[in-house]
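Under my numbering, think of the first position of the sequence shown as 0, with each following residue one higher.
No residue lacks a Cβ here, since even glycine has one placed at the ideal position from N, Cα and C.
Quick notes on the structure that follows.
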Amino acid sequence: MSEVQPKSEKQEDAEAAVDNFRKDLGPFVVAAETTRMAMLFTDAKAPGDPIVYANDSFLKLTGYDRNEALGQSFNSLLEQRVDPEVIEKIKSEFEKSENHDNNLDIDYNRKDGSTLFVSVFISPVRDESGQVMQHFVSFIDITKHKEAQEKSKMFIDELNHRVKNTLATVQAIVWQSFKKSSDTHIVRESIDSRLFALSRSHDLLTREHWNGVSFRDLVNEVLEPFGVAGDGAARFVIAGRNVRISPQTALALGVALNELATNALKYGALSNEAGCVLIEWAVAPMPAGNRLIIRWQEKDGPTVAPPSRKGFGSQVIERGLCHELAGTVHLDFPEEGAVCTIDIPAPDRAHVE
0 MSEVQPKSEK QEDAEAAVDN FRKDLGPFVV AAETTRMAML FTDAKAPGDP
50 IVYANDSFLK LTGYDRNEAL GQSFNSLLEQ RVDPEVIEKI KSEFEKSENH
100 DNNLDIDYNR KDGSTLFVSV FISPVRDESG QVMQHFVSFI DITKHKEAQE
150 KSKMFIDELN HRVKNTLATV QAIVWQSFKK SSDTHIVRES IDSRLFALSR
200 SHDLLTREHW NGVSFRDLVN EVLEPFGVAG DGAARFVIAG RNVRISPQTA
250 LALGVALNEL ATNALKYGAL SNEAGCVLIE WAVAPMPAGN RLIIRWQEKD
300 GPTVAPPSRK GFGSQVIERG LCHELAGTVH LDFPEEGAVC TIDIPAPDRA
350 HVE
């Protein structure tokens, strides 16, 4: 049976101080012991403001045993766990003789080293003559609030990044539309079509909370105005295992799919009654990283001839996929129908269903 260690002089002094404290503030101590708010009192008359009372909520919050806390200065529990600048602020709060109106929000490591954020309020307790006898210290755990703030900041930063990318795409669409034609009707039609496709991609991403989307869902969303899910569904053959793609990839591919479908509706397989479009994709393992290969192939439309110059649609596709996604685009125009092969980096650890 292990021998019970005698109490140190420091522990005995601390316990005596607690007994005296309980006698002085008996009813208040009872209330402090039952509250969920972490609280402690220090002896303002003793050097270093040693802790003379700590309620169970404080001990639970910080991980200390009562015997470890009593008799210690509050700062001694913070040393080597909190930024030295914060410790100096706390020291200055204890040294003030007037009432305190401000809380100190600090990040603090528990005894086990885990981090929490607390809002600390320090206030002097006076006797009848006005002399400061104790300091009352209360703590509110604001860890979840701080984490929510950090998430909010990350969301705002990400939103700002997305908005800038979207505005850059819109700017390119408008500039290229005016560059290619001086007819305001044609320009407006060109801009409206592309912005509508961009908005449909945005809608899909918003429904998915901007955590990425299924490529199959993107195809259905962007091509819905072209009949992919309605009366014209038979004119589309869609083949490929489901792959989730990032928001940036979805926006670029959404614009590209709209360009291909618009071109097919004007000049290609969707411009007559018999033509159809095959859309297929697969993730291809490569030594430098997996690639997502997408193929758009038209057939049974009017006879196709290679264009004499690169059109705006081709430029939009190449700008979005080559520049923004570090991909490659091959546009071929055999007589039986246009073929577009898109090769872009697959998402890290691409989720394939």
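Cβ-Cβ distance between residue i and residue j below 8 angstroms
i    : j    : result
F225 : L264 : yes
V242 : L204 : no
I86  : L103 : no
K298 : A260 : no
D48  : D42  : yes
A57  : L69  : Here residue 57 is Phe; the residue named in the question, Ala, does not match the sequence. Contact: no.
A249 : V212 : yes
A37  : S200 : no
F214 : L222 : no
I341 : A238 : no
V338 : W295 : yes
S245 : P346 : yes
E272 : I316 : no
E354 : I121 : For residue 354 there is no data in the structure shown, the boundaries of the chain being 0 and 352.
Residue i versus residue j: straight-line alpha-carbon distance, rounded
i    : j    : result
E67  : V51  : 12 angstroms
Q79  : F154 : Below a pLDDT of 50, predicted positions are generally treated as unreliable, and Q79, at 48, falls in that range; the measurement from the model is reported next regardless. Their backbone Cα atoms lie some 33 angstroms apart in a straight line.
G229 : L197 : 21 angstroms
L324 : R193 : 19 angstroms
S118 : H144 : 11 angstroms
R206 : A53  : 49 angstroms
E374 : F116 : Residue 374 cannot be examined here, being either before or after the span of the chain that is shown, 0 to 352.
R125 : F73  : 19 angstroms
G326 : L252 : 11 angstroms
A287 : G300 : 38 angstroms
C321 : S307 : 22 angstroms
K44  : K59  : 27 angstroms
F195 : R318 : 18 angstroms
C275 : K152 : 47 angstroms
P333 : E146 : 56 angstroms
D202 : I190 : 18 angstroms
E157 : L330 : 33 angstroms
E220 : A233 : 16 angstroms
Q148 : I105 : 15 angstroms
E127 : K150 : 48 angstroms
Bridge-paired residues (DSSP) for residue i
i    : result
D106 : F116
I292 : A281, D342
F135 : F40, S122
D331 : V338
P49  : S72
V276 : F235, E297
V212 : I244
D140 : V117
Pick from the options that is closest to residue i, judged by C-alpha positions
i    : options                : result
H134 : I141, I105, P123       : P123
S113 : P305, N271, T61, I121  : T61
D64  : E92, K110, P83         : K110
R240 : V282, D331, K44        : V282
G231 : E258, I121, S270       : S270
N289 : Y107, P333, N257, P344 : P344
P305 : V227, G129, G336, E317 : G336
M132 : I141, P46, E220        : P46
Y107 : C275, T142, P284       : T142
Q247 : R35, W209, Q71         : W209
V293 : S128, V328, S313, N262 : Residue identity differs from the one stated: residue 293 is Ile in this sequence, not Val. For I293, the nearest C-alpha among the options comes from V328.
Q314 : N262, Y266, P284       : N262
Residue-level contact to chain C via CB, residue i, 8 angstroms cutoff
i   : result
K44 : Of the chains in the structure shown, none is chain C; there is only one protein chain.
*Can you list, in chain order, the stretches of the alpha helix (DSSP H) that have 4 or more residues and sit fully within the segment 222-272?*
246-265
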